[in-house]
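**Q** Please see the structure below; I have some questions.
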Amino acid sequence: MSCSNDTAQDEDRSRSAPATSSLGIVQYEPATTRDENTSMTDLSNSGFTHNNEKQTAAVLPGEIDSSNTTSVSTTDLSSLVTAAKGKGSALAAVSPNRVPPQSLSRFQFILIVLALCLAIFLVTLDNLIISTAIPTITNTFHSLDDVAWYGSSYLFTTCSFQLVFGKAYTFASPKYVFIFAIFLFEVGSAVCGAAPSSVALILGRTIAGIGSAGVFSGALIIVAGLVPLDKRPIYNAVLNSMYGIASVIGPLIGGVLTDNLSWRWCFYINLPLGGVSVVVIFFALRSKSSNTSSKSTLSWKQKLAYFDILGTSTLIPAVICLILALQWGGTTYSWSNFRIPLLFTFSFLLTALFAYIQLRQPGQNATLPPRILKQRTMAAASSFTVANAGPFFIFYIVNLDHLCLGVIVTSLASGAGTAWLGYYAPFFYASTLLQTIGAGLMTSWDVNTGTAVQVGYQIIYGFGVGFAMNLPFMCASTVLAEEDIAIGTAIITFFQTLSGAIFVAVGQNVYLNKLASALMRDLPNLDPNLVLHVGATDLKNVVPREDLTVVKQAYNDALTHMWYICVALACATVLGTVGIEWTNVKKKSDKADNILKAANDSETETKTPCEDIQAEEHDDNEEQGEEEQHRSTEEHEVSDEHRTGEILV
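This is how it looks when you write it as structure tokens:
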């Protein structure tokens with residue numbers, strides 16, 4: 108009967124109590140499947156209330172079932188559990204902290220984190236390593252005109268497909284979406300390594316860029332499914348630090364491979380290392396089906412609608428047109444060339460069309476859901492990401508390693524600090540302050556500034572950029588409902604990548620144009636292209652000694668204009684910083700754990716519907732027995748009195 112089924116289910120759920128390891132991994136045993144029809148019938152017959160929402164096929168361990176409500180004896184606890192079962196802000200406050208349905212050993216967890224770090228390192232390395240291989244590649248294919256496309260093709264697809272993968276992570280198991288992303292990246296790397304022509308190399312870079320779009324956000328989503336909220340800042344910081352590490356050693360690795368083996372090994376190296384990451388994720392990580400259970404019954408038309416094909420088809424060309432206009436303007440073509448304003452116009456019109464489509468789409472189908480950007484902290488975090496990511500990518504142009512080291516150190520420090528303090532908002536303020544100070548100090552550089560001073564200013568600015576590099580992702584995990592964490596993470600990654608693409612193009616344009624104009628003005632007999640191609644370190648080999656001071660001053664002036672951009676962006680981070688809500692991730696995590704524990708305790712201590720029915724029947728039988736016994740006693744007493752009267756008469 109259904110009573111026995113419900114009783115067995117309650118016992119199984121009571122055994123799913125959370126246990127947290129020293130690494131912060133929440134461990135669970137798998138949940139049992141709920142019989143939808145019998146549970147609904149029995150609950151309604153036994154007087155228990157249920158709402159009209161659609162039943163899910165299974166209740167995950169540690170998950171508060173929003174389809175059935177049971178009362179808890181304590182009034183405060185009952186209100187908390189009821190709030191957790193609600194929607195909107197109440198769900199957002201609780202569900203991100205829902206303890207994940209994973210049962211991992213310490214060894215498995217470490218392997219998974221290392222595999223995620225390796226994957227992020229590879230996709231970042233692939234974006235940087237090619238810079239040292241380009242001279243050799245152009246000699247191989249005799250394709251100097253295609254040089255810009257070697258980097259741009261990778262950047263276009265990486266940025267354009269961020270939100271597509273965000274939808275995929277909400278639709279399917281993060282494990283298999285992540286593996287698919289690495290697979291695409293590996294295919295692209297193989298095509299690049301074996302490319303017989305420049306066109307094939309560009310095609311391979313395009314495919315690899317599509318795969319890389321799903322790697323970083325996927326790694327953060329997987330971590331969010333393994334680690335409680337109050338421990339996530341640490342692991343998010345570890346993943347983010349791969350950017351800084353790859354930016355420091357990427358060009359070095361590229362130079363070693365190109366000089367000692369072949370430029371093709373800059374791409375072949377991804378194949379075995381990426382394969383290691385895939386194998387670890389496949390065998391160590393369990394598939395999470397919570398996102399797919401409610402979508403498995405959708406028709407193919409509903410599935411296509413969910414992926415917002417129309418919105419995606421307008422977003423991708425809008426991004427490509429914008430980046431092309433910024434990269435071509437002032438370098439490949441003059442700003443007055445008809446191609447540049449035409450690209451800007453197309454980008455604007457397509458962006459406006461994309462925004463209209465998103466406003467008209469049903470809530471769950473939008474690629475960039477307006478309801479997420481309306482959330483105060485998400486809007487502020489997105490704004491902050493645009494301003495904060497730009498300067499970090501600008502330094503790829505001039506290879507300032509000390510700044511990258513500062514980013515690595517403070518990214519880890521802010522993650523640990525957030526986990527210890529419980530608040531991430533203070534680190535946003537620290538980031539804004541240090542960025543503004545560091546960028547302002549760098550504008551004071553001149554040709555006589557010592558190396559120690561330059562390094563010190565870089566470190567200060569790097570500290571500022573790094574302090575909040577990973578915290579916008581923490582905001583998405585904290586303020587959004589669990590079903591929105593994947594798309595929220597993808598939105599932050601999209602703005603980060605788009606900002607990088609825009610400001611790399613802007614910074615490069617400003618830098619090269621200012622340097623070229625200064626050289627043509629002060630040294631009309633010197634070919635500016637010669638200076639631009641050799642770089643600052645080899646100037647003494649191509650520039651006459653008497654002209655070195657003038658050339659160095661031209662370099663300094665060009666860099667100063669880049670620092671002005673950094674100052675403006677540092678000031679712009681204020682807009683995002685003041686909008687961040689002061690949310691204590693430790694209290695939210697503790698609150699969710701307490702609610703889950705209390706809900707589990709109440710389920711084990713409170714009688715099941717079957718037990719309540721049996722208890723009521725038992726009480727009724729006892730009352731009927733007492734009444735019959737009382738009537739029998741009264742009748743017996745009356746009979747005795749009657750007989751006594753007869754005797755007296």
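In this note's numbering, the protein residues as written are 108 to 756.
Ideal Cβ placement from N, Cα and C applies to all residues, glycine included.
1) With 16 other CB atoms within 10 Å as the buried threshold, where does residue 260 fall?
2) Does the beta-carbon of residue 293 have 16 or more other beta-carbons within 10 angstroms, so that it is buried, or is it exposed?
3) Classify residue 375 as helix, strand or coil using the three-state DSSP reduction.
4) Residue 542 and residue 677 look like a contact to me (Cβ under 8 angstroms); what is the Cβ gap, rounded to whole Å?
5) So, does the stretch 303-319 touch the stretch 345-360, judging by three or more C-beta pairs under 8 angstroms?
6) Apart from the five residues just before and just after residue 616, which ones in its own chain have a Cβ nearer than 6 angstroms to its Cβ?
7) What separation, rounded to the nearest whole angstrom, lies between the Cα atoms of residue 591 and residue 597?
8) State the DSSP-derived secondary structure class of residue 620, mapped to helix, strand or coil.
9) Note down, in chain order, each residue of its chain lying with its Cβ closer than 7 angstroms to the Cβ of residue 558, except the 5 sequence neighbours on either side.
10) Is there at least one Cβ from chain D nearer than 8 angstroms to residue 623's Cβ?
11) Spatial neighbours of residue 418 within its chain, please: C-beta separation below 8 angstroms, excluding the five flanking residues on both sides.
12) What does the alpha-carbon distance come out to for the pair residue 378 and residue 296?
13) Go ahead and pull the three-state DSSP assignment for residue 663.
14) Relative to the alpha-carbon of residue 224, which residue among 236, 273, 326 has its alpha-carbon at the smallest distance?
15) One question on the structure: do residue 672 and residue 433 come within less than 8 angstroms of each other, judged by their Cβ atoms?
16) In chain order, which continuous runs of the alpha helix (DSSP H) of length 4 or greater are located wholly inside the stretch 258-337?
17) Cutting at 7 angstroms between CB atoms, please list the residues of its own chain near residue 584, excluding the five before and the five after it.
18) Drop a sphere of 10 angstroms on the beta-carbon of residue 228, count the other beta-carbons inside from all chains shown, and report buried for 16 or more, exposed for fewer.
19) Please classify residue 361: does DSSP put it in a helix, a strand, or coil?
20) Helix or strand or just coil, what does DSSP make of residue 671?
21) With a CB to CB cut of under 7 angstroms and the five nearest residues on each side skipped, what residues in its chain are close to residue 312?
22) If residue 284 and residue 268 are in contact, beta carbons under 8 angstroms, what's the gap, nearest whole angstrom?
23) Give the secondary structure of residue 524 by DSSP, where H, G and I count as helix, E and B as strand, and everything else as coil.
24) According to DSSP, is residue 497 helix, strand or coil?
25) Compare the C-alpha of residue 382 against each of 628, 306, 222, 307 and name the closest.
26) Under the three-state reduction of DSSP, which class applies to residue 513: helix, strand or coil?
27) Touching or not, the stretch 485-498 and the stretch 677-688, by the rule of three or more beta carbon pairs under 8 angstroms?
28) I'd like the list of long-range same chain contacts for residue 442, defined as Cβ closer than 8 angstroms, with 5 residues on each side in sequence excluded.
29) Between which residues of its own chain and residue 660 is the CB-CB distance below 6 angstroms, once the five residues before and five after are set aside?
30) Rounded C-beta distance between residue 218 and residue 391? I'm assuming under 8 angstroms.
31) Do residue 607 and residue 485 have their C-beta atoms within less than 8 angstroms of each other?
32) Under 6 angstroms Cβ to Cβ from residue 451, same chain only, skipping five residues before and after it: list those, please.
33) Count the other CB atoms, across all protein chains shown, that sit within 10 Å of the CB of residue 281; report buried if there are 16 or more and exposed otherwise.
34) Taking its Cβ as the centre, do 16 or more other Cβ atoms sit within 10 Å of residue 626, making it buried, or is it exposed?
35) Going by beta carbon distance, what residues of the same chain come within less than 6 angstroms of residue 713, once the five residues before and after it are set aside?
36) Since residue 236 and residue 428 should fall inside the 8 angstroms C-beta cutoff, what is the C-beta to C-beta distance between them, to a whole number of angstroms?
**A** Judging by the given coordinates:
1) Residue environment analysis places residue 260 among the buried positions, since at least 16 neighbouring C-beta atoms fall within 10 angstroms of its C-beta.
2) Within a 10 Å sphere around the beta-carbon of residue 293 sit 16 or more other beta-carbons, which makes this residue buried.
3) Assigned with DSSP and collapsed to three states, residue 375 falls in helix.
4) Confirmed, about 4 angstroms.
5) No, because fewer than three Cβ pairs between the stretch 303-319 and the stretch 345-360 fall closer than 8 angstroms, the two stretches do not touch.
6) Within the same chain, and ignoring the five residues on either side of residue 616 in sequence, the residues whose Cβ sits closer than 6 angstroms to its Cβ are 437.
7) C-alpha separation (whole angstroms): 10 angstroms.
8) DSSP, read as helix, strand or coil, puts residue 620 in helix.
9) Excluding positions up to five away in sequence, the list is empty.
10) Absent from the structure is chain D; it holds one protein chain and no more.
11) Cβ neighbours of residue 418 beyond the five flanking positions: 461, 464, 465, 468, 473, 474, 475.
12) Looking at the two C-alpha atoms, the distance is approximately 7 angstroms.
13) DSSP places residue 663 in helix when its eight states are reduced to three.
14) Of the listed residues, the one whose Cα sits closest to residue 224 is 326.
15) No; because the gap between Cβ atoms is not below 8 angstroms, this pair is not in contact.
16) As far as the stretch 258-337 is concerned, its whole alpha helix (DSSP H) runs of at least 4 residues are 269-278, 281-300, 305-320, 322-331.
17) Residues 203, 331, 336, 339, 592 of the same chain have their beta carbon placed closer than 7 angstroms to that of residue 584, with the five preceding and five following residues left out of the count.
18) By the neighbour-count definition (other C-beta atoms within 10 Å, threshold 16), residue 228 is a buried residue.
19) Look at residue 361 here: in three-state DSSP terms it is helix.
20) Three-state DSSP puts residue 671 in a helix.
21) Cβ within range, chain order: 257, 260, 261, 295, 299.
22) Incorrect: roughly 12 angstroms between the Cβ atoms, too far for contact.
23) Helix at residue 524.
24) Reduced to three states, the DSSP call for residue 497 is helix.
25) Ranking the options by Cα distance to residue 382, first place goes to 222.
26) Annotated three-state conformation of residue 513 is helix, per DSSP.
27) Touching, per the Cβ criterion.
28) Excluding sequence positions up to five before and after residue 442, its CB lies within less than 8 angstroms of the CB of 436, all in the same chain and listed in chain order.
29) Cβ-Cβ distances below 6 angstroms link residue 660 to 554 in the same chain, with the five nearest sequence neighbours on each side left out; the list follows chain order.
30) So it is a contact: roughly 5 angstroms between Cβ atoms.
31) In this structure, residue 485 does not lie closer than 8 angstroms to residue 607 by Cβ.
32) Excluding residues within five positions, the ones whose Cβ falls inside 6 angstroms are 432.
33) Here residue 281 is buried, its C-beta having at least 16 other C-beta atoms within 10 Å.
34) That one is buried.
35) Because residue 713 sits at a pLDDT of 46, beneath the cut-off of 50, its placement in the model cannot be relied upon, and the following sentence gives the value as read from the coordinates. Once the five neighbours on either side are set aside, residue 713 has no close Cβ partner at all.
36) That pair is no contact at about 27 angstroms.
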